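Colleague: Supplied in structure tokens, the structure appears directly below.
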Amino acid sequence: VAFASTYSFTKDKAVKEVDAVKITKSDVSGPVIQQAEKDFPNASPFQFYSVGETSVSNDWKVTEEVDFSEVEKIDHYTVHMKSKNSNYEALYDGNGKLLMSKEYQKDVALPQPVLQALAKEYPGVSLRKDEHIKTTDHGKKKDYYVVSLANGKKVTYAADGTKLKK
-11 VAFASTYSFT
-1 KDKAVKEVDA
9 VKITKSDVSG
19 PVIQQAEKDF
29 PNASPFQFYS
39 VGETSVSNDW
49 KVTEEVDFSE
59 VEKIDHYTVH
69 MKSKNSNYEA
79 LYDGNGKLLM
89 SKEYQKDVAL
99 PQPVLQALAK
109 EYPGVSLRKD
119 EHIKTTDHGK
129 KKDYYVVSLA
139 NGKKVTYAAD
149 GTKLKK
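Taking my numbering, the leading residue of the sequence shown gets -11, the next gets one more, and so forth.
What follows is the structure, encoded as structure tokens:
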């Protein structure tokens, strides 16, 4: 029995869920592993998922256990990796082409514009934790900071201090 998870793909505020099966490294297409090791040289792949035939959109993540039909065509793979200071998720097609990636860094030094925006909008409120997230989607890059405040609020800023909507 395979462990299965749902990956949520979002586009234009609509959510499409796609089944994914947790697999071993030996079940992954060779070009995918080679490219992942090349794309993320300081990270170690530790978890792999096969994703059925699908179109790819802006976001994905493991959400819950679901049933998965093993007769579906597998044409995408998600690879989770870790390095000393970061966690990565990368989505590849079956030929090893990187389609999307996310890098998560916790408790990093926030850029000065983000610190200034926080001080102006939330004076006297201390930071509980922060996360720097870098995404690449079909070559388009996004860089933002998610900050949890001591008052329970969670806010997101671009590197230039612009507050972003979640």
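We put the beta carbon where it would ideally sit given N, CA and C, even for glycine. Owing to the predicted nature of the structure, the values given are computational and were not obtained by experimental measurement.
Taking DSSP as the reference, what is the three-state secondary structure of residue 138?
Modeller: In this structure, residue 138 counts as coil in the three-state DSSP scheme.
Colleague: Would residue 76 and residue 90 qualify as a contact pair, given that the criterion is a beta-carbon distance under 9 angstroms?
Modeller: Going by C-beta atoms, residue 76 is nearer than 9 angstroms to residue 90.
Colleague: For the alpha helix (DSSP H) that residue 176 lies in, which residues bound it at each end?
Modeller: For the chain, the structure presents residues -11 to 154; residue 176 sits outside this window and is missing.
Colleague: Measure the C-alpha to C-alpha separation of residue 108 and residue 118 and round it to an integer number of angstroms.
Modeller: Between residue 108 and residue 118, the C-alpha separation is close to 17 angstroms.
Colleague: Considering just the uninterrupted stretch of the alpha helix (DSSP H) at residue 97, what are its terminal residues?
Modeller: Run containing residue 97: none; DSSP gives neither H nor E here.
Colleague: Helix, strand or coil: how does DSSP classify residue 219 here?
Modeller: No information on residue 219 is available, as it lies outside the stretch -11 to 154 that the chain covers here.
Colleague: Which same chain residues end up closer than 7 angstroms to residue 81 when comparing Cβ atoms and leaving out the 5 residues on each side of it in sequence?
Modeller: Taken in chain order, the residues that qualify are 63, 64 and 87.
Colleague: If you follow the beta strand (DSSP E) that residue 117 is in, where does it begin and where does it stop?
Modeller: Taken as a continuous stretch (DSSP letters only), the beta strand (DSSP E) holding residue 117 covers 115 to 125.
Colleague: List the endpoints of the continuous alpha helix (DSSP H) containing residue 81.
Modeller: Element bounds for residue 81: not the alpha helix (DSSP H) but the beta strand (DSSP E), 74 to 81.
Colleague: Around the Cβ of residue 126, are there at least 16 other Cβ atoms within 10 angstroms (buried) or fewer (exposed)?
Modeller: It counts as exposed.
Colleague: Using a Cβ-Cβ cutoff of less than 6 angstroms, which residues in the same chain neighbour residue 114 once the five nearest sequence positions on both sides are dropped?
Modeller: Taken in chain order, the residues that qualify are 138.
Colleague: What do you get for residue 97, buried or exposed, if any count of 16 or more other CB atoms within 10 angstroms of its CB means buried?
Modeller: Exposed.
Colleague: Grab the span of the alpha helix (DSSP H) containing residue 20 for me, first residue to last.
Modeller: Run containing residue 20: 18 to 27, per the alpha helix (DSSP H) assignment.
Colleague: Sorted by chain position, which residues of the same chain lie with C-beta nearer than 6 angstroms to residue 130's C-beta, five sequence neighbours on each side aside?
Modeller: Correct list, in chain order: 123.
Colleague: When burial is assigned at 16 or more other CB atoms within 10 Å of the CB, is residue 22 buried or exposed?
Modeller: Looking at its Cβ environment, which holds fewer than 16 other Cβ atoms inside 10 Å, residue 22 is exposed.
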